[in-house]
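To keep things clear, I will list the structure first and then write my remarks on it.
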Amino acid sequence: MRYFTKQQGQKEAVPVDLEALGQDRYRLTVNGQSYQVDALSVDQGTLSLLVDGQSYNVEFEENGDEIGTLVRGQVNRTDVADERKLRMRAAAGSFSVEGRQVILAPMPGKVVKVLVKVGEEVKEGQGLVVVEAMKMENELKSPKAGKVTEVFAKEGTAVENNAKLIVVE
Amino acid sequence: MPKIRKVLVANRGEIAIRVMRTCKDLGIATVAVYSEADRSALHVRTADQAYFVGPPPSRESYLVQERILEVAKQSGADAIHPGYGFLSENASFVRACEKAGITFIGPPAAAMDAMGEKTRARANMIKAGVPVVPGTTEPIATIEEAREYARNIGFPIMLKAAGGGGGKGMRRVEGLGDFDSAWRSAKSEALNAFGNDSVYIEKYLEKPHHVEIQVFADQYGNTIHLNERECSAQRRHQKVVEETPSPILTAEMRAKMGEVAVKAAKAVNYVGAGTVEFLVDVHRNFYFLEMNTRLQVEHPVTEWVTGLDLVAMQIKAAEGEKLPLFEAPTPRGHAIEVRVYAEDPARNFMPSPGKIQALRVPSGPNVRDDSGVFAGFTVPNFYDPMISKLSVWGATREEAIARAKRALSEYVVKGITTNIRYLHGILSHPEFVAGDYDTSFLTREHTALLGAEDPKLSEVALLASTLHAFQRDQKRAKTLPAGASAGGNGRISPWRLALKSRRR
């Protein structure tokens with residue numbers, strides 16, 4: 035079985051070939067290098083991994099196709115897709131900070147202040163809106179220079195996670 | 064004074080549970096209060112009795128004095144412990160308790176008045192001969208006046224909420240350019256957090272250490288200090304790591320600062336647990352910053368090195384018992400506390416409320432975790448992001464650091480983002496290890512503290528993620544009807560997809 039993986043900061047997907055050897059044992063090949071792995075599910079979302087005699091306890095957290103792992107205190111986020119998914123994702127286009135940018139609420143909270151108006155030109159890094167959550171005020175900044183084309187955020191209103199706040203084009 | 068039989072804990076989260084634990088140790092019954100957002104919270108389940116007090120925002124629940132007092136009467140509580148934050152430093156609440164015949168476990172209202180408004184505290188301390196940081200002794204009325212004052216004492220300056228604490232309503236201002244926006248946000252944050260938007264100005268000392276002294280007094284004027292805590296690892300003026308003894312203090316300095324702290328407490332006829340905060344400059348001069356008239360978040364490190372239970376001492380002082388000791392005990396070993404926050408350090412410490420999917424808390428020798436959460440609990444958006452305090456003890460500072468790192472490596476919180484790895488980064492940083500870090504440490508070293516990635520672990524993560532995807536796909540394939548695609552999202556069968564397309 036072939037999977038394609040992409041870790042944070044990587045541009046190209048890395049193919050990983052996986053062969054199940056039975057009894058929780060696998061052979062994985064990455065860039066021509068083979069690993070013999072013993073992977074035992076010990077708990078919901080926890081894997082005890084033995085790689086060349088090294089023991090790793092891995093915690094997982096799934097968010098769509100992205101798989102978050104916690105290994106010895108290090109958090110990694112890896113996008114894993116099989117060939118079919120990869121084709122679908124390629125068709126959907128890639129992400130970038132070019133073009134239309136929708137600023138979403140990064141957590142549930144309350145809009146304390148809207149700092150821009152429709153039609154306003156903004157610089158990259160300029161504050162757009164202030165959202166209060168857990169008693170702290172957080173200023174959300176523009177990811178690019180451009181023009182504010184839509185403002186959904188209203189001062190004093192509560193917003194849910196991922197609510198649309200501002201559009202910069 | 065009669066013995067306390069039942070305590071209402073007017074708080075939530077870890078501190079409510081911390082107080083309840085000691086009450087139980089002392090054979091005292093406990094009463095919890097909870098807002099709509101906290102019905103499932105651990106403090107409700109820990110208490111013997113629990114009463115609903117109102118909607119999620121604290122101003123409509125945990126801060127409603129009348130409601131809290133009503134619950135105290137209804138439940139038959141004879142005392143109230145306020146924890147920290149909320150009503151803990153509210154003199155009018157202390158008076159209301161007195162009037163209702165309920166013992167407030169904390170200092171008298173007059174001492175709170177004298178220390179609560181920070182500008183008044185500064186004036187009182189100057190009078191008592193305690194050294195203070197240069198700045199205004201009155202809250203400033205207008206922005207014009209404030210700008211003018213700041214220009215006169217010279218930038219950088221600090222704006223501070225007069226009624227504040229916990230870093231809220233506090234801003235460091237570099238120059239006139241940032242002044243107006245900082246002024247506005249300090250005032251709005253202060254109003255929201257303390258219901259009082261008064262702000263004053265202080266000169267910002269370069270590279271200072273934040274060292275505080277724990278004091279304790281009984282009702283008979285006996286006042287002692289219980290040594291210091293080094294709290295210079297802060298961001299946005301919120302402490303993140305605390306330790307005792309302070310790595311920069313000599314025994315002489317400890318004695319001198321302790322003496323000044325006791326003098327400060329005596330000047331306001333203090334009773335119970337309090338903390339006198341100082342800034343120590345590069346020449347080891349120390350200045351009074353403020354006094355916190357309550358139990359503090361970081362009290363466990365003092366408990367580790369003194370062997371005392373500060374909550375038990377608070378209760379006994381409120382019952383009218385005399386202090387069990389009359390001078391500062393010599394610190395035994397070294398203790399470190401780290402605060403686990405629901406936030407994402409990599410995204411400018413964005414708060415991360417939400418459901419905790421899984422939780423594994425460290426244990427083992429000399430490890431203590433004061434937590435208010437459990438697996439399955441939804442961390443609400445309405446309160447502070449601190450979800451737990453991990454503290455450890457070691458015979459030496461080196462041992463304590465190693466133990467804290469070990470404990471952090473055992474800590475697993477899933478479902479929300481936490482600062483656990485960042486805390487590990489702090490404890491591993493050479494400046495922290497050397498024991499000489501000032502209050503700008505976390506800001507200055509931000510990138511380094513986020514932690515460089517270990518390529519070996521990234522490789523393991525890659526293998527593990529692929530295995531996880533494979534096992535997940537296998538499991539889905541098993542649960543799907545024959546002929547369904549195992550490679551897709553696994554939820555919709557190709558038959559249904561075909562039907563859907565025919566309908567169009």
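Protein chains in written order, with the numbering used here: chain A, 35 to 203; chain B, 64 to 567. Idealized CB from N, CA, C, for every residue including glycine.
Straight-line gap, residue i to residue j (C-alpha atoms, nearest Å)
i         : j         : result
GLY192(B) : ALA324(B) : 11 Å
VAL146(A) : GLY117(B) : 23 Å
ASP101(B) : GLU171(A) : 22 Å
THR191(A) : ASN255(B) : 15 Å
VAL236(A) : THR103(A) : Shown here, chain A extends from 35 to 203; a query on residue 236(A) therefore has no answer.
ARG108(B) : ILE483(B) : 26 Å
GLN420(B) : LYS69(B)  : 34 Å
ASP99(A)  : ASP113(A) : 6 Å
TYR500(B) : LEU239(B) : 28 Å
ILE311(B) : LEU388(B) : 26 Å
LEU50(A)  : PHE533(B) : Reading off the sequence, residue 50(A) comes out as Val, not Leu. If I take the Cα positions, the gap works out to 11 Å.
GLY551(B) : ILE143(B) : Unreliable placement is indicated for GLY551(B), whose pLDDT of 42 sits below 50; the coordinate value is still reported in the next sentence. If I take the Cα positions, the gap works out to 58 Å.
TYR485(B) : GLU161(B) : 44 Å
GLU390(B) : ILE464(B) : 28 Å
VAL430(B) : ALA73(A)  : 30 Å
VAL64(A)  : LEU513(B) : 28 Å
ILE555(B) : TYR404(B) : Model confidence at ILE555(B) stands at a pLDDT of 37, short of 50, so the residue's coordinates are unreliable; what they give is reported in the following sentence. For ILE555(B) and TYR404(B), the distance between alpha carbons rounds to 39 Å.
THR481(B) : LYS190(B) : 44 Å
THR183(A) : GLN135(A) : 10 Å
GLU382(B) : ASP141(B) : 11 Å
VAL339(B) : MET354(B) : 4 Å
LEU26(B)  : LYS188(A) : Residue 26(B) lies beyond the stretch modelled for chain B, which goes from 64 to 567, so this question has no answer here.
Beta-carbon proximity of residue i to residue j, cut-off 7 Å
i         : j         : result
PRO142(A) : GLU194(A) : yes
ALA95(B)  : ALA73(B)  : no
LEU490(B) : ALA470(B) : no
THR200(B) : THR182(B) : yes
ALA296(B) : VAL304(B) : yes
GLU203(A) : GLY180(A) : yes
PHE349(B) : MET188(B) : no
VAL196(B) : GLU265(B) : yes
LEU289(B) : THR356(B) : no
VAL274(B) : GLU291(B) : yes
ALA253(B) : GLY227(B) : yes
ALA110(B) : LEU71(B)  : no
PRO408(B) : PRO448(B) : no
ALA375(B) : ASP281(B) : no
GLN44(A)  : ARG111(A) : no
Cut-off 7 Å between Cβ atoms - residues of its own chain near residue i, not counting five sequence neighbours on either side
i         : result
ALA579(B) : Missing from the structure shown is residue 579(B); chain B here goes from 64 to 567 and no further.
ARG235(B) : PRO219, MET221, TYR267
GLU237(B) : PHE218, PRO219
SER75(A)  : LEU81
Own chain, CB closer than 6 Å to residue i, minus 5 neighbours either side, in chain order
i         : result
PHE186(A) : LYS198, LEU199
GLN377(B) : ILE168, GLY335, ALA336
ALA472(B) : It should be pointed out that residue 472(B) corresponds to Ser in this sequence rather than to Ala. Once the five neighbours on either side are set aside, SER472(B) has no close Cβ partner at all.
PHE156(B) : GLN128, LEU150
GLU93(A)  : THR80, LEU104
ASP260(B) : LYS250, ALA253, LEU254
8 Å Cβ shell around residue i - same chain, five flanking residues per side excluded
i         : result
SER130(A) : Note on SER130(A): pLDDT 45, under 50, position unreliable in the model; the coordinate value appears next. Excluding positions up to five away in sequence, the list is empty.
ALA104(B) : ARG75, GLY76, TYR97, GLY435, PHE440
heavy atom of the ligand FMN below 6 Å from residue i C-beta
i         : result
LEU138(A) : The ligand FMN is not part of the structure shown, which contains no ligands of any sort.
Subject >> Every unbroken beta strand (DSSP E) inside the segment 70-115 of chain A [3 residues or more] >> reply: 80-85, 88-97, 100-105
**OP:** With a floor of 4 residues, list each alpha helix (DSSP H) that falls wholly inside the segment 70-110 of chain B, ordered by position along the chain.
**Re:** 76-88, 105-109
**OP:** Taking a Cβ distance cut-off of 7 Å, strictly less, list which residues of the segment 169-190 of chain A are near chain B, in chain order.
**Re:** LYS169, MET170, GLU171, ASN172
**OP:** Entirely within the segment 206-240 of chain B and at least 3 residues each: give me those beta strand (DSSP E) ranges in chain order.
**Re:** 220-224, 234-236
Subject >> Residues within the segment 432-454 of chain B neighbouring chain A, beta-carbon criterion of under 7 Å >> reply: Answer in chain order: ASN444, TYR446, ASP447, PRO448.
**OP:** Could you name the residues of the segment 86-99 of chain A whose beta carbon sits closer than 7 Å to any beta carbon of chain B, in the order they occur along the chain?
**Re:** If the cut-off is 7 Å between Cβ atoms, the segment 86-99 of chain A has TYR90, VAL92, GLU93, PHE94, GLU95 near chain B.
**OP:** Could you name the residues of the segment 103-118 of chain A whose beta carbon sits closer than 9 Å to any beta carbon of chain B, in the order they occur along the chain?
**Re:** THR103, LEU104, VAL105, ARG106, GLY107, GLN108, VAL109, ASN110, ARG111, THR112, ASP113, VAL114, ALA115, ASP116, GLU117, ARG118
Subject >> Under 8 Å (Cβ pairs) to chain A, residues found in the segment 475-505 of chain B >> reply: VAL475, LYS477, GLY478, ILE483, ARG484, HIS487
**OP:** Pick out the complete beta strand (DSSP E) segments inside the segment 278-318 of chain B, 3 residues or longer, and give them in chain order.
**Re:** 286-298, 301-307
Subject >> Where the segment 40-59 of chain A meets chain B: residues whose CB sits under 8 Å from a CB there >> reply: GLN41, VAL48, VAL50, LEU52, ALA54
Original post:
At a Cβ cut of 9 Å, what residues of the segment 522-537 of chain B count as close to chain A, listed as they run along the chain?
Top reply: GLU522, VAL523, ALA524, LEU525, LEU526, ALA527, SER528, THR529, LEU530, HIS531, ALA532, PHE533, GLN534, ARG535, ASP536, GLN537
Subject >> Runs of alpha helix (DSSP H) lying entirely within the segment 117-205 of chain B, each at least 4 residues, in chain order >> reply: 128-138, 154-162, 172-179, 181-190
**OP:** Using a Cβ-Cβ cut-off of less than 8 Å, list which residues of the segment 244-267 of chain B approach chain A; keep chain order.
**Re:** Taken in chain order, the members of the segment 244-267 of chain B whose beta-carbon sits within less than 8 Å of a beta-carbon on chain A are SER248, SER251, GLU252, ASN255, ALA256.
Original post:
At a Cβ cut of 9 Å, what residues of the segment 413-429 of chain B count as close to chain A, listed as they run along the chain?
Top reply: MET413, PRO414, SER415, PRO416, GLY417, GLN420, ALA421, ARG423
Subject >> Continuous beta strand (DSSP E) assignments of at least 3 residues falling wholly in the segment 394-455 of chain B >> reply: 397-404, 421-423, 430-434
Subject >> Contact list for the segment 91-114 of chain B against chain A, Cβ threshold 7 Å >> reply: Residues passing the 7 Å Cβ filter: none.
Subject >> Where the segment 71-87 of chain A meets chain B: residues whose CB sits under 9 Å from a CB there >> reply: Against chain B - using a Cβ distance shorter than 9 Å - the residues of the segment 71-87 of chain A are VAL71, ALA73, SER75, ASP77, GLN78, GLY79, THR80, LEU81, LEU83, VAL85.
**OP:** Pick out the complete beta strand (DSSP E) segments inside the segment 461-545 of chain B, 3 residues or longer, and give them in chain order.
**Re:** Within the segment 461-545 of chain B, the complete beta strand (DSSP E) runs of at least 3 residues are 475-477.
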